[in-house]
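Below: the structure, in structure tokens.
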Ligand SMILES: [Zn+2]
């Protein structure tokens, strides 16, 4: 049974299908409302997660932040169309260049939506607020620092830092349940450098919420950066 689990002070994570895709959605509960980070892979999944969230907090959802545009994190966004949304300033370009075609063809790589999570009502709407540089927002009454990255896992990765809880919600720039996913637009060398820099901003006891899998720590992030740097050296140059 999927459920929201508190991983740090008033920061909850729901892991969707931990037996399979194991993708996370995160809720930061503040005095004036909840900001959700990532929307899972379909409106059905997102509505289910939002319903479960309403069972554990009476605070209203007041915002949505998206860590990147991949379907498994973004295709549920229309379930939060009633609140403002933030994403990397290149998010909308990524949607147009990659996810729109996936939606039109009905599959993303070897993934196709099932009856339990159809894509019929996916809406690839642009975020209300494109984020071009590090920005602090507080729609729920707690500071959230949004850090858009240079090219890493994708061209539109954005990291969410919750300073008062020592939490970093990093999307797929860190994966715990599998190896980091090198996509067509990934740049493992720049990705490794940015992960090392991010780790340098983290405290040893900070909690890192990866896009997939269980929460990890700074040491895990550093180790993944080392692995990505090695992958970059081994990758044949693009010609
Ligand atoms: Zn993912």
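Residue numbers (the working numbering): 9 to 247.
C-beta: ideal position from N, C-alpha, C; glycine also.
All values derive from a computational prediction rather than experimental measurement.
In this structure the region 186-194 does not touch the region 33-46; the number of beta carbon pairs closer than 8 Å is below three. Taking a 10 Å sphere around the C-beta of residue 120, we find fewer than 16 other C-beta atoms and assign the residue as exposed. Here residue 35 is bridged, per DSSP, to 20 and 44. From the listed residues 17, 59, 241 and 218, the smallest Cα separation to residue 10 is found for 59. In the assembly as shown, residue 180 is a buried residue. Its beta-carbon has 16 or more other beta-carbons within 10 Å. Annotated as proximal: residue 182 and residue 219, with beta-carbon spacing under 9 Å. Residue range 99-102 is occupied by the alpha helix (DSSP H) that includes residue 100. Within a 10 Å sphere around the beta-carbon of residue 123 sit fewer than 16 other beta-carbons, which makes this residue exposed. The beta carbon of residue 149 sits closer than 8 Å to the beta carbons of 38, 39, 40 and 41 from its chain, once the five residues preceding and following it are set aside; these are given in chain order. Per DSSP, residue 184 is not a residue of any alpha helix (DSSP H), being assigned neither H nor E.
DSSP places residue 81 inside the alpha helix (DSSP H), whose first and last residues are 79-82. For residue 116, the secondary structure class from DSSP, reduced to helix, strand or coil, is strand. Just measuring C-alpha positions, the residue of 157, 152, 78 and 240 sitting nearest residue 206 is 157. Judged by DSSP secondary structure, residue 65 falls outside any beta strand (DSSP E); it is assigned neither H nor E.
In this structure, the alpha-carbon of residue 102 lies about 31 Å from that of residue 172. The continuous beta strand (DSSP E) containing residue 94 extends over residues 93-96.
In terms of CA proximity to residue 115, 50 leads the group 21, 50 and 96.
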